[in-house]
Amino acid sequence: MKFNYIKKTYKYIGLMAFMLMGQSCSDLLEEKVISSIGNDYINTPKGFEDAAKSAYSSLRNYYGTQQGITITEFGTDLYATGADGGYKGFHFYDAQLQPTVDYLATIWDETYRGINVCNAVIERAPAATVTDAIKKARVAEMKFLRAHYYFLLMQQYGGVDLRLTETILPTKKTSRAPESEIYKQIISDLESALPDLEAKSKATDYGRATRPAAEHLLAMVYLAKGNSTSKAADDYSKAATYASNVINNYTFKLLPDFASVFDQGNQNHDEVVFAVQYTTDPLTNGTGNSLHLYFGMQYDVQAGMVRDIVNGRPFKRMRPTKYCLETVFADRVNDSRYKKTFKDTWICNNPGTFTNVFDNSKSTVTFKAGDTTIFIPGYEMPLAERAKKPYQVLVPSRYDEALFPTNKKFLDPLRPDRTYEPGSRDYMCFRLADTYLLLAEAQLLTGKVKEATEAINMVRRRAAFPGKTAAMEIKQANMNMEMLMEERGRELLGEQIRWMDLKRWGNLVERVQKYNPQAAPNVKPIHLLRPIPQTQIDRTEGGAAAFPQNPGY
């Protein structure tokens, strides 16, 4: 939505000084919000549009951020920790994962800000001096966003405070709604929004919620509900229907080349179902999409290399597990996704002769500008073969918390300098390959194995190297949940979804114990939910009795 929707005045609409903000009860009650914009501004045509646009801004707190990637990829079967960074309790499931961790409160508070803006627009729409068509369209968008926000909150925290009206004044009266009630509201919001959302692959005003975006989200919601205590007999079939709608009723297409999905020069392409937008304009980009920071290895202190814009500023947070590299991405002959997901070659930008080598097949290396300095073959190249190479070869036995294959999906070469953090890459929340995989999952769970096989093969055929399409197709006999789980890992690695996938499948503990040695000793069933932020409990009338903490925290 290239309309610069970060409108600070409306990010705090309805005063926003309610129970979900502030640092303590006393601070909350003393808080004053002063704005030069009147409370009735939202009723004007521009004010109504500004408010609706600003409701999208809270998505930027979750998607494309360090806190977002921390709670969605750490502590899974696919990613381990790198050398740098904090918040590793989310990975180790140890004593650091406490209700006082600020990421928990940041996500909680900002998501509720977004919900409150949605509530304000929905409630005030009747008085807005805009056409009925605009009212219906914006209310539908707000219902999509409100459902989206509540789904994210519930997946992370379980039952939360379900607020469907604008909170204007501070209140300490809050309570936790049961998950069944929240699922009901999420589905109601999305299904009631469908008729009034644009039934197009791309909104006229690109970036706004559309009918297919809501249908994709409904497929996700029904799959999650079908695996929860709120499940109904038709949840999986409904998920399949909504995913099929996205695939069949619009003009979305899988791009021919997997790598092109992440081409920053073509972000508004045929596979994008819904994206959170960022921009190169520092006045409206906020903290930007920062995912380019977290997946990189420490290339910038190696022989022949210094930090540059193209290779990124490596914060060394997210290191792929052995299971990820050797099992999920085992096929490097037919499947192009290992090659097109991980960066394997670094080119010299610091010529000279160096002795700081990690490759034990050589003691010195000499490079001129443009030479290859580092190559990651993805297998244990023999020492004698490595010795013949004029560059350093990083083999699996040498991987550590600083040196490891780098997920290149989120690199951002459009940053103005090598230290700049606020990236401008849009964040794809929903894309068509994910829709196909959701469809395959729903079909598999309803016993339609043949149909599920065809759905997953659509994704696999696209991922094939030239001439390898037939080899990439799986047979119906091989279509099972293990295949689906691995396929989602190959296709969606790092895309802020794995933790919620494992939660949905009910095997987070099992797979972390099996495939993530760092996290295995501590992970327990209690970790299917995060701690409720202590700030929320403290500012609730009645404290933990009225707003209880999740078990085990």
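Residues in the sequence shown are numbered consecutively from 323, following my numbering.
Ideal placement from N, C-alpha and C gives every residue a C-beta, glycine not left out.
In this structure, residue 734 sits near residue 746, with a CB-CB distance shorter than 8 Å.
Shortest Cα-Cα distance from residue 398 to any of 707, 644 and 458 involves 644. In this structure residue 804 is exposed. Its beta-carbon is surrounded by fewer than 16 other beta-carbon atoms within 10 angstroms. When DSSP states are grouped into helix, strand and coil, residue 390 belongs to the helix group. Between residue 599 and residue 725 a beta carbon distance of about 34 Å is seen, past the 8 Å cut, so the two are scored as non-contacting. For residue 729, the three-state secondary structure derived from DSSP is strand. Residue 618 and residue 820 have their C-alpha atoms spaced approximately 19 Å apart. Taking a cut-off of 8 Å for Cβ pairs, the segment 389–397 and the segment 479–494 do not touch, as fewer than three such pairs fall below it. Restricted to the segment 640–706, the alpha helix (DSSP H) segments that are unbroken, complete and at least 4 residues in length are 659–663, listed in chain order. Its Cα nearest to that of residue 723, the residue 642 stands out among 780, 437, 871 and 642.
In the three-state scheme derived from DSSP, where H, G and I count as helix and E and B as strand, residue 436 is classed as helix. In this structure, DSSP gives residue 753 an extended state, which the three-state scheme calls strand. The C-beta separation of residue 841 from residue 415 comes to about 6 Å, placing the pair in contact by the 8 Å criterion. Residue 596 has 752 as its beta-bridge partners, per DSSP. Here residue 528 carries a coil assignment [DSSP, helix/strand/coil].
Secondary structure at residue 717: coil, using DSSP grouped into helix, strand and coil.
Within the same chain, Cβ atoms closer than 6 Å to the Cβ of residue 561 are found at 541, 544, 545 and 764, the five residues on either side in sequence being excluded. The beta carbons of residue 460 and residue 447 sit about 7 Å from each other, so the pair counts as a contact at 8 Å.
Between the alpha carbons of residue 672 and residue 632 lies a distance of about 14 Å. The straight-line gap separating the alpha-carbon atoms of residue 825 and residue 831 is approximately 9 Å.
Counting the other CB atoms within 10 Å of its CB gives residue 441 a total of 16 or more, which places it among the buried residues. Between residue 767 and residue 554, the alpha-carbon positions lie close to 13 Å from each other. When 366, 657, 751 and 715 are compared, the shortest CA-CA separation from residue 790 is found for 657.
Note on geometry: alpha-carbon atoms of residue 637 and residue 750 lie some 22 Å from one another. The beta carbon of residue 591 sits closer than 7 Å to the beta carbons of 577 from its chain, once the five residues preceding and following it are set aside; these are given in chain order. CA-to-CA, the gap between residue 527 and residue 518 works out to about 15 Å. In this structure, the beta-carbon distance from residue 612 to residue 386 falls below 8 Å. The segment 543–608 is shown to contain whole beta strand (DSSP E) runs of 3 or more residues at 594–598, in chain order. Of 743, 489 and 667, the smallest CA-CA separation from residue 727 is found for 667. Only residues of its own chain outside the window of five on either side were considered, and among them 565, 569, 576, 777, 778, 780 and 781 have a CB closer than 8 Å to the CB of residue 758, listed in chain order. Secondary structure at residue 505: helix, using DSSP grouped into helix, strand and coil. In the DSSP assignment, residue 422 falls outside any beta strand (DSSP E) and carries neither an H nor an E.
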